[in-house]
Structures are given as C-alpha cells and as structure tokens.
Ligand SMILES: NC(=O)c1ccc[n+]([C@@H]2O[C@H](COP(=O)([O-])OP(=O)(O)OC[C@H]3O[C@@H](n4cnc5c(N)ncnc54)[C@H](OP(=O)(O)O)[C@@H]3O)[C@@H](O)[C@H]2O)c1
C-alpha cells in the first residue's frame, strides 16, 4: 500500500497562513479530488479544522494528541503510525494519502513512498512550510504544467515523484 504525500507548495516553501491555503487553483483541487477519492486521507487536526468537514468518499483520519477528540465522519488517531494502521485495516483502500499540514508532512517524511507535488510559481508570506528535500533518492515520473487563468490564480506544475532508493525507506 503506497503512502503518498500530496502537497501544494510555493517557491519559498510556504504551504499556508493562518490555517488557510493561500491560493485558488481549481485544476489542482480537481486533481486532488480525483487522486484521493476512494482512498484513505490522513491529516493533522489543524488541517481538519481548516477544511471544516470530512471529505466525501474517502476514509478521513485525523491525528491529534487529544485523547477524547471525536469527529463525526472521521477516525481519530494519536500518532501517525496508528493512523496508518487504521487505513491499512480497511481492505477497500489501496493508497494512503498524507494531506498535511506541516507537522504531519514532517512526521510522514521517512514513511512516504510517493509524493504528489504541486509547485506553485509564486513567493508568498506564510506560517506553514513544506521542508521535505527528498530529491537525491527520489525520481520524478511525471510532470505537467498548468497556466494561470480565471480559475487558477498562479502558474503551477504538478509532479509525481517516487522513492527509488529502497534503503532510504528501511533506514
Ligand atoms: N498547501 C497544502 O498542500 C496544504 C495542505 C494541508 C495543510 N496546509 C496548511 O498547513 C497549515 C497547517 O499545518 P500545521 O502544521 O499548523 O498543522 P497540522 O499538521 O495540520 O496539524 C497539527 C496538529 O496535529 C496534531 N499532531 C501533530 N503532531 C502530532 C503527533 N506527533 N502526535 C499526535 N498528534 C500530533 C496536533 O493536534 P492537537 O493540537 O489536536 O493535539 C497538532 O496541533 C495550514 O495553514 C493549512 O492550510 C497546506
């Protein structure tokens, strides 16, 4: 079962500010929906708060240290490892998507086997960052460019990257 990070990141590493996304990229959202539908999505409690509801047709798993947190329509786990276990217990699900935010991406870095990376061609001020620098052990398998238009605020590029050095996963 692939564990895939999916993230949209500005050129300066910013992914959000004040617990919100910083761009409107309709084509990227469509891709996010297409890729994650019918699979498991794992997110930090703050990202869940920012979305505000479970995303339909996906197994939603929220990570929180709070022992008594219950969220209708979601499973709650107190570690990334437990969240992954919950996803793996659902035999219908073929891929696990780590959908953010900063803290959860950092936790997932050593476990992820795939990265869906949207590079947004802008520099913005923010308070949440994506710091993964996987490139020496990862290979880009596809890349597509999208142009700014009335429904996409900035030019962006969507990369699919896989981890090719298996030692890096085991160590
Ligand atoms: N551009 C993108 O692709 C993208 C995607 C997603 C999110 N974002 C942005 O990222 C920002 C949110 O990121 P964030 O880092 O502030 O929050 P986050 O990663 O979404 O959630 C952090 C929360 O997760 C829980 N948590 C973190 N580490 C944990 C651990 N080791 N064990 C158990 N629970 C743990 C804690 O919840 P409790 O406080 O409940 O204990 C913590 O407050 C927002 O601005 C959002 O818009 C951007």
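In the numbering used here, the protein residues as written are 79 to 249.
Backbone N, C-alpha and C fix where the C-beta goes; we use that ideal spot for every residue, glycine too.
- Within the model, the alpha-carbon separation for residue 92 versus residue 170 is close to 34 Å.
- Between the C-alpha atoms of residue 104 and residue 229 there is a straight-line separation of about 6 Å.
- No heavy atom of ligand 1 is found nearer than 7 Å to the CB of residue 199.
- Under DSSP, residue 241 forms a beta bridge with 216.
- By the Cβ rule, the stretch 221 to 238 does not count as touching the stretch 119 to 128, because fewer than three pairs are nearer than 8 Å.
- Excluding five sequence positions before and after residue 81, the CB atoms of its chain that fall closer than 6 Å to its own CB belong to 174, 189, 190 and 191, given in chain order.
- If you draw a straight line from the Cα of residue 237 to the Cα of residue 221, it comes to about 4 Å.
- Relative to the non-hydrogen atoms of ligand 1, the Cβ of residue 82 never comes closer than 7 Å to any of them.
- In this structure, 125 is the residue among 162, 168 and 125 with its C-alpha nearest to the C-alpha of residue 206.
- Within the model, the alpha-carbon separation for residue 86 versus residue 172 is close to 22 Å.
- At the C-beta level, residue 209 and residue 184 come within 8 Å of one another.
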